[in-house]
Amino acid sequence: MKREVKVTSDGSKTLYINDLNENYHSHHGAMQEAQHVFIKNGLKLKYDSEINILELGFGTGLNVLVTIDEFLKNDKNHVVQYFTIEKYPVNESEVKELGYDSFFDEPKMNEYYQKLHQCAWNVKHEILPNFFFTKYQCDFFELKNLDLPPIDLVYYDCFGARVQPDLWEKPLFEMVADKMEQGGLLTTYASKGSVRRILQELDFKVEKKDGPPGKREMINAVLMR
Ligand SMILES: C[S@@+](CC[C@H](N)C(=O)[O-])C[C@H]1O[C@@H](n2cnc3c(N)ncnc32)[C@H](O)[C@@H]1O
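Numbering-wise (the numbering used here), the sequence shown opens with residue 7 and increments by one.
Okay, structure coming up:
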């Protein structure tokens, strides 16, 4: 499917799929959304000396970069293991045009950004000391076959239910919950009532949070079992 690069309201870019009329990020601000949903209401709430993160939808790699940025602000002896799944990788020219590394003060961010996209799939890499990264090229529903440590934090960043409704139904959430540690946190930009009910049925304690710019609400869900 044809993708094009678009500029969002905070000046950061995103990818847009014409045929689906769907953006990879909020058009109100890709960078602001990633910071708000996945760092402020995700990583900062779960940060520990060892943390295992699972992302659904590697896409442009923006969520990995905001995670590295936060990791660098903390004790460098902490260990992050980041696992992410992607079926339709972005290409080199899209990575270049998006230019996400330029939004960070860290001088080595370009090196990390390149590594994330160029490294081999299905293999663990140490992108920088104590930050381990594995990207799986497969369908989300193959998650059940992946051998992962208990996951503390899930970035649920699939396309919206309008275009991929099956990704917001019980079977996938159940698979994700099965990979999580008790007390693990799932954070997502979505706030649909049906998603909240499914998460509650799966023993998550669901909390509505203020959404990123342009969106009233989002969901935080803590696994209670
Ligand atoms: C909202 S975008 C991802 C955003 C990504 N976190 C980022 O910051 O760029 C959703 C991602 O899910 C991927 N995707 C869609 N359907 C998938 C599937 N069935 N299995 C795995 N990946 C899928 C898309 O290619 C896209 O990269």
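All C-beta atoms in this analysis are idealised placements derived from N, C-alpha and C, irrespective of residue type, glycine included.
For this session: Would you mind working out which of Gln170, Leu60 and Leu71 sits nearest Asn27, comparing C-alpha positions?
Result: For this step, residue 27 is matched to residue 21 along the sequence shown. For the options Gln170, Leu60 and Leu71, the alpha carbon positioned closest to that of Asn27 is the one of Gln170.
Problem set entry | Alpha carbon of Tyr22 to alpha carbon of Ser108, nearest angstrom | Your numbering for residue 22 matches position 16 in the sequence shown. Your numbering for residue 108 matches position 102 in the sequence shown. Going by the C-alpha atoms only, they are around 20 Å apart.
For this session: State the Cα-Cα distance for the pair His42 and Asn151, rounded to the nearest angstrom.
Result: Residue mapping note: residue 42 aligns to position 36 of the sequence shown, counting from 1. Residue mapping note: residue 151 aligns to position 145 of the sequence shown, counting from 1. Rounded to whole angstroms, His42 to Asn151 spans 31 Å at the Cα level.
Exercise. Who does Glu10 pair with in a DSSP beta bridge?
Worked result: Counting from one through the sequence shown, the residue named residue 10 turns up at place 4. Its beta-bridge partners are Tyr22.
Exercise. Roughly how many whole angstroms lie between the Cα atoms of Glu148 and Met181?
Worked result: Looking up residue 148 in the sequence shown gives position 142. Looking up residue 181 in the sequence shown gives position 175. Distance from the CA of Glu148 to the CA of Met181, rounded to the nearest whole angstrom, comes to 9 Å.
Problem set entry | Assigned exposure category for Ser200 - 16 Cβ within 10 Å defines buried | Locating residue 200 in the sequence shown gives position 194, counting from the first residue. Here Ser200 is exposed, its C-beta having fewer than 16 other C-beta atoms within 10 Å.
Exercise. What does a CB cutoff of less than 7 Å around His123 pick up in its chain, not counting 5 residues either side in sequence?
Worked result: For the purposes of this step, residue 123 is identified with residue 117 of the sequence shown, where counting begins at 1. Answer for His123: Gly67 and Val101, listed in chain order.
Problem set entry | 8 Å contact criterion, which Lys52 and Asp163 should meet: CB distance rounded | The residue you call residue 52 lines up with position 46 of the sequence shown. The residue you call residue 163 lines up with position 157 of the sequence shown. Contact flag wrong, Cβ pair sits at about 16 Å.
Exercise. To the nearest angstrom, how far is it from the Cα of Phe179 to the Cα of Lys221?
Worked result: Start at 1 with the first residue of the sequence shown, and residue 179 comes out as number 173. Start at 1 with the first residue of the sequence shown, and residue 221 comes out as number 215. Between the alpha carbons of Phe179 and Lys221 lies a gap of roughly 22 Å.
Problem set entry | Host alpha helix (DSSP H) of Gly105 (start-end) | Walking along the sequence shown from the start, residue 105 turns up at place 99. Gly105 -> no alpha helix (DSSP H), and no H or E assigned at all.
For this session: Give the DSSP-derived three-state secondary structure of Asn80 in the structure shown.
Result: Mapped onto the sequence shown, residue 80 falls at position 74. Collapsing the DSSP output to three states places Asn80 in coil.
Exercise. Buried or exposed: where does Asn69 fall if 16 or more other Cβ atoms within 10 Å of its Cβ makes it buried?
Worked result: For this step, residue 69 is matched to residue 63 along the sequence shown. Buried: at least 16 other Cβ atoms inside 10 Å.
For this session: Count the other CB atoms, across all protein chains shown, that sit within 10 Å of the CB of Tyr94; report buried if there are 16 or more and exposed otherwise.
Result: Here residue 94 refers to the residue found at position 88 of the sequence shown. It counts as exposed.
For this session: Pull up the CB-CB distance for Tyr161 and Glu56, whole angstroms please, since I reckon it's below 8 Å.
Result: Residue mapping note: residue 161 aligns to position 155 of the sequence shown, counting from 1. Residue mapping note: residue 56 aligns to position 50 of the sequence shown, counting from 1. A Cβ-Cβ separation of about 17 Å leaves Tyr161 out of contact with Glu56 under the 8 Å criterion.
Exercise. If you drop the 5 nearest sequence neighbours on each side, which residues of the same chain put their C-beta closer than 8 Å to that of Glu223?
Worked result: The count along the sequence shown starts at 1 and reaches residue 223 at position 217. Within the same chain, Glu223 has close Cβ partners Ser197, Lys214, Lys215, Asp216 and Gly217.
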